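Q: Input: one structure, supplied below.
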Amino acid sequence: MEADTAKLRERACEACAETWEDRAKAQTPHCKFGEDGICCKNCSMGPCRVTAKSPRGICGADAHAIAGRNYLRTIAAGTSAHSDHAREILHVLHSTSADGNYKVRDEAKLIALAREWGIPTDGRDIYELAHEVAEMGLDEFGKPFGTQRFIKRAIPERQKTWQEQGIEPRAIDREIATAMHMTHMGNTADAEALIHQGLRTALSNGWGGSMLGTEITDILFGTPTVRNTEGNLGVLEKEMVNVVVHGHDPAFSEMVVTAAEVKELQDYARGKGAKGINIVGLCCTANEVAMRHGVRMAGNFLQQENAILTGAVEMMCVDVQCIFPALAPLSECFHTKFVTSSPIARIPGSIYVEFKTETAFEQAKDLIKMAIDNYENRDASKVFIPQNKQAATVGYPCEQIIKHLDGVTNSHVDELGSYRPAVDAIKAGVLRGAVGIVGCNNPRVRPDYSHFEIMKELLKNDILIVATGCAAQVATKAGLLDREAKYLCGAGLRRVCELVNIPPILHMGACIDISRILLLVNGIARDWGVDTTQIPVVGCAPEWMSEKAVSIANYVVSTGIDVYLGIEPQVKGSSQMMELITQGTRNLTGAGYIINKDPHELVRAIIDGIEAKRAALGI
Ligand code: BF8
Ligand code: SF4
Numbered sequence: 152m153e154a155d156t157a158k159l160r161e162r163a164c165e166a167c168a169e170t171w172e173d174r175a176k177a178q179t180p181h182c183k184f185g186e187d188g189i190c191c192k193n194c195s196m197g198p199c200r201v202t203a204k205s206p207r208g209i210c211g212a213d214a215h216a217i218a219g220r221n222y223l224r225t226i227a228a229g230t231s232a233h234s235d236h237a238r239e240i241l242h243v244l245h246s247t248s249a250d251g252n253y254k255v256r257d258e259a260k261l262i263a264l265a266r267e268w269g270i271p272t273d274g275r276d277i278y279e280l281a282h283e284v285a286e287m288g289l290d291e292f293g294k295p296f297g298t299q300r301f302i303k304r305a306i307p308e309r310q311k312t313w314q315e316q317g318i319e320p321r322a323i324d325r326e327i328a329t330a331m332h333m334t335h336m337g338n339t340a341d342a343e344a345l346i347h348q349g350l351r352t353a354l355s356n357g358w359g360g361s362m363l364g365t366e367i368t369d370i371l372f373g374t375p376t377v378r379n380t381e382g383n384l385g386v387l388e389k390e391m392v393n394v395v396v397h398g399h400d401p402a403f404s405e406m407v408v409t410a411a412e413v414k415e416l417q418d419y420a421r422g423k424g425a426k427g428i429n430i431v432g433l434c435c436t437a438n439e440v441a442m443r444h445g446v447r448m449a450g451n452f453l454q455q456e457n458a459i460l461t462g463a464v465e466m467m468c469v470d471v472q473c474i475f476p477a478l479a480p481l482s483e484c485f486h487t488k489f490v491t492s493s494p495i496a497r498i499p500g501s502i503y504v505e506f507k508t509e510t511a512f513e514q515a516k517d518l519i520k521m522a523i524d525n526y527e528n529r530d531a532s533k534v535f536i537p538q539n540k541q542a543a544t545v546g547y548p549c550e551q552i553i554k555h556l557d558g559v560t561n562s563h564v565d566e567l568g569s570y571r572p573a574v575d576a577i578k579a580g581v582l583r584g585a586v587g588i589v590g591c592n593n594p595r596v597r598p599d600y601s602h603f604e605i606m607k608e609l610l611k612n613d614i615l616i617v618a619t620g621c622a623a624q625v626a627t628k629a630g631l632l633d634r635e636a637k638y639l640c641g642a643g644l645r646r647v648c649e650l651v652n653i654p655p656i657l658h659m660g661a662c663i664d665i666s667r668i669l670l671l672v673n674g675i676a677r678d679w680g681v682d683t684t685q686i687p688v689v690g691c692a693p694e695w696m697s698e699k700a701v702s703i704a705n706y707v708v709s710t711g712i713d714v715y716l717g718i719e720p721q722v723k724g725s726s727q728m729m730e731l732i733t734q735g736t737r738n739l740t741g742a743g744y745i746i747n748k749d750p751h752e753l754v755r756a757i758i759d760g761i762e763a764k765r766a767a768l769g770i
């Protein structure tokens with residue numbers, strides 16, 4: 152893969168296009184104050200930077216206050232991104248109708264959610280119900296009283312911890328606004344209080360916004376099921392019209408995928424000399440459409456420019472989050488049409504088509520037509536599609552995991568199903584434990600390398616992996632989402648994979664779907680009869696980069712699960728903050744961070760952590 156990237160980069164020079172490698176070099180060395188989190192520009196008396204000579208800002212804020220405030224703002228931003236994405240999806244649910252662009256695909260899930268929320272369901276029209284659920288979901292953002300509805304799903308031990316610590320998440324917008332207010336000039340300077348609000352804000356994401364996003368997306372577009380697909384740049388087709396969907400919110404990409412299936416458009420593409428229309432995904436949008444349609448995945452975060460560098464992409468359609476503004480000038484070096492669709496992600500140099508629920512399908516068809524018309528502009532001399540692609544089996548939400556486990560032992564005990572076979576396998580030591588590997592890739596380290604090294608080592612040690620986001624795509628590219636990858640596993644994990652008929656890494660979706668991992672861990676703890684802090688399950692983000700990732704890490708820690716990080720959070724300039732994120736949170740939630748930039752040392756720490764949890768349980 153790295154050889155392919157090198158070749159694509161060489162061509163980037165030919166085409167006068169720069170890539171992230173060039174810009175990363177130009178940004179090195181990074182600003183030390185920013186890196187350590189001790190630059191404050193929260194008021195215009197500053198910016199203030201902490202040094203040995205000037206240990207306090209003009210207002211008197213010290214390194215701990217400044218790093219703590221910056222950290223809380225990061226969590227607030229990450230929470231807002233996931234949750235606002237969920238809000239958009241709730242509005243789409245509110246727009247559904249029997250003959251509209253958007254329909255309810257998973258009626259059973261809608262009815263179950265309505266019941267969970269105490270909405271009468273008997274004899275109701277499904278769309279009337281959808282609209283009521285959407286309104287109730289939207290109320291989770293701004294309700295003046297009460298806490299997030301989904302926290303009732305957590306095991307009683309967790310709910311008690313959150314209540315005792317005063318971190319039960321209230322309305323999502325309130326937690327974000329409180330975080331911003333606390334960090335305004337002249338407010339909280341106590342790092343511990345900032346961390347406390349960080350946990351609470353993040354919980355409003357994990358057990359609020361993200362969980363809403365996942366549930367409602369399943370209701371709208373169907374709960375994912377297991378399906379086979381492929382991944383890596385080799386999924387781009389030389390003789391087809393290639394359209395890349397990139398971003399996070401599937402309301403847009405679902406329409407693009409559906410429009411590409413329209414027969415007249417396929418005929419139109421053939422009339423223009425192409426063999427057909429090839430839709431592929433990037434980043435989390437790729438995960439969304441792969442899990443629901445088997446759409447193939449072109450790659451993860453740091454591959455977004457590579458896709459355009461192939462010279463074979465007629466159109467790249469983006470929605471929100473993790474989109475390089477660099478895609479606009481890069482597209483201009485080729486024939487690629489770069490289309491933005493959301494007022495949340497406006498990028499100079501792009502073609503802006505604001506997507507609206509009422510006109511979504513027509514707009515998607517227009518875009519596909521525009522892509523087909525662009526096919527003849529492709530310059531064959533600029534085309535280089537690396538041939539690498541790997542088979543992958545994707546689509547393991549909790550429902551599918553339970554179904555597969557059920558198939559093994561018939562242990563189905565209630566309507567929620569049971570993780571008991573997994574619990575038994577862990578207790579028996581056939582599986583030593585499980586790790587959720589999530590997050591991005593990051594130029595600070597060799598892209599994908601840490602993920603891959605950690606994944607390989609865990610599998611060898613009989614540790615099952617669930618993955619989401621760009622981490623799931625590393626697994627795809629490495630061939631680890633293939634059932635055949637079982638040869639890389641230890642004997643115990645291999646046996647489980649064969650018995651349950653699963654690959655050793657389970658693809659659970661996009662980053663917003665880390666809410667599924669919360670429910671999985673919660674379900675395992677429930678079926679085990681212990682707290683989440685006790686089970687040998689941890690989270691790992693080896694190459695994280697985004698503010699969303701910091702929010703995620705905090706809701707995972709709040710849920711009692713240790714988080715192993717391969718990139719340091721930007722708080723190093725405060726010894727108190729470093730202590731709080733690695734140790735202090737343990738007194739509040741029972742979990743914390745373990746940070747190590749060396750992937751081999753990090754995976755050793757994970758295995759030791761899992762074995763220590765096993766020992767504490769006496770297994
Ligand atoms: O939300 S893993 S680079 S694409 S932030 Fe972004 Fe990171 Fe990828 Fe999805 Ni998640
Ligand atoms: Fe400086 Fe305090 Fe203003 Fe921050 S809030 S910029 S530390 S004076």
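In the numbering used here, the protein residues as written are 152 to 770. Backbone N, C-alpha and C fix where the C-beta goes; we use that ideal spot for every residue, glycine too. Bear in mind that the values here come from a model prediction, so they are computed numbers and not experimental data.
For the alpha helix (DSSP H) that N525 lies in, which residues bound it at each end?
A: A511 to N525
Q: Per the DSSP calculation, F489 is bridged to which residue(s)?
A: DSSP, once it has assigned bridges, lists M467 as partnering F489.
Q: Tell me where the beta strand (DSSP E) around Q541 begins and ends.
A: Annotation: the continuous beta strand (DSSP E) that includes Q541 extends over Q541 to V545.
Q: How big is the Cα-Cα spacing for N452 and L518?
A: The displayed chain sequence assigns Phe, not Asn, to residue 452. Near 23 Å, if we compare the C-alpha coordinates of L518 and F452.
Q: For N356, is the beta carbon positioned less than 7 Å from some heavy atom of the ligand SF4?
A: no
Q: Should T710 go down as buried or exposed, given a rule of 16 or more other Cβ atoms within 10 Å for buried?
A: buried
Q: Going along the chain, which residues of its own chain have a beta-carbon closer than 7 Å to the beta-carbon of P401, five neighbours each way excluded?
A: T368, F372, T436, E439 and V440
Q: Using the Cβ count rule (16 or more neighbours within 10 Å means buried), how would you classify H332?
A: By the C-beta density criterion, H332 is exposed, having fewer than 16 other C-beta atoms within 10 angstroms.
Q: Between the C-alpha atoms of R309 and L354, what's the straight-line distance to the nearest angstrom?
A: Taking the straight line joining both Cα atoms gives about 12 Å.
Q: Can you give the Cα-Cα distance for G445 and V392, rounded to whole angstroms?
A: 18 Å
Q: Report the rounded CA-to-CA distance for N356 versus L650, giving the unit in angstroms.
A: Distance between the alpha carbons of N356 and L650: 35 Å.
Q: Kindly identify the DSSP beta-bridge partner or partners of R200.
A: In the DSSP assignment, R200 forms a beta bridge with C190.
Q: Between A99 and R597, what straight-line distance do the alpha-carbon atoms span, to the nearest angstrom?
A: Residue 99 lies beyond the residue range present for the chain, which begins at 152 and ends at 770; the question has no answer from this structure.
Q: Quick check: is any heavy atom of the ligand SF4 less than 7 Å from the C-beta of C194?
A: yes
Q: Using the Cβ count rule (16 or more neighbours within 10 Å means buried), how would you classify A237?
A: buried
Q: If R667 sits next to G674, beta carbons under 8 Å apart, how far is it from one beta carbon to the other, in whole angstroms?
A: About 10 Å separates the two Cβ atoms, so there is no contact after all.
Q: For the ligand BF8, any of its heavy atoms closer than 7 Å to the Cβ of F475?
A: no
Q: DSSP state of H751, grouped into three classes?
A: When DSSP states are grouped into helix, strand and coil, H751 belongs to the helix group.
Q: Tell me whether L615 sits in a helix, a strand or coil according to DSSP, three-state version.
A: strand
Q: Starting from the C-beta of T684, find all residues in its chain whose C-beta is less than 7 Å away, skip the five residues before and the five after it, and write them out in chain order.
A: G711, G741 and A742
Q: By the three-class DSSP mapping on this structure, what secondary structure does I277 have?
A: helix
Q: Who are the Cβ neighbours of K540 in its own chain at under 7 Å, not counting the five residues just before and after it?
A: E381, G382, N383, G385 and V386
Q: With DSSP run on the structure shown, which of helix, strand or coil describes E719?
A: coil
Q: Looking at A212 and the ligand SF4, is the gap between the Cβ and the nearest heavy atom below 7 Å?
A: yes
Q: T431 lies in the beta strand (DSSP E); which residues open and close that run?
A: Residue identity differs from the one stated: residue 431 is Val in this sequence, not Thr. That run of the beta strand (DSSP E) goes I428 to L433.
Q: Keeping to the same chain, check which residues put their C-beta closer than 7 Å to that of D678; ignore five residues upstream and five downstream.
A: S569, Y570, R571 and V574
Q: Taking DSSP as the reference, what is the three-state secondary structure of H397?
A: Three-state result, H397: strand.
Q: Going by the C-beta, is G219 closer than 7 Å to any heavy atom of the ligand SF4?
A: no
Q: In the DSSP assignment, the beta strand (DSSP E) including H658 goes from what residue to what residue?
A: I656 to G660
Q: Quick check: the region 209-219 against the region 169-189, are at least 3 beta-carbon pairs closer than 8 Å?
A: yes
Q: Is F506 close to the ligand HEM? I mean its beta-carbon at under 7 Å from any heavy atom of the ligand.
A: With respect to small molecules bound, the structure shown includes the ligand BF8 and the ligand SF4 and not the ligand HEM.
Q: To which residues of the same chain is E566 closer than 8 Å at the C-beta, ignoring the five residues directly before and after it?
A: With a pLDDT of only 47 at E566, under the threshold of 50, the placement of this residue in the model should not be trusted; the figure read from the coordinates follows. Nothing listed; no residue qualifies.
Q: Compare the beta carbon distance of I605 and V689 with 8 Å and say whether it is the shorter of the two.
A: For I605 and V689, no; Cβs fall outside 8 Å.
Q: Starting from the C-beta of A227, find all residues in its chain whose C-beta is less than 7 Å away, skip the five residues before and the five after it, and write them out in chain order.
A: I327, A330, M331 and T352
Q: Helix, strand or coil, according to DSSP, for E315 in the structure here?
A: In the structure shown, E315 sits in a helix (DSSP, three-state: H, G or I).
Q: Determine contact between the region 496-503 and the region 417-431, defined as no fewer than three beta-carbon pairs at a distance below 8 Å.
A: no
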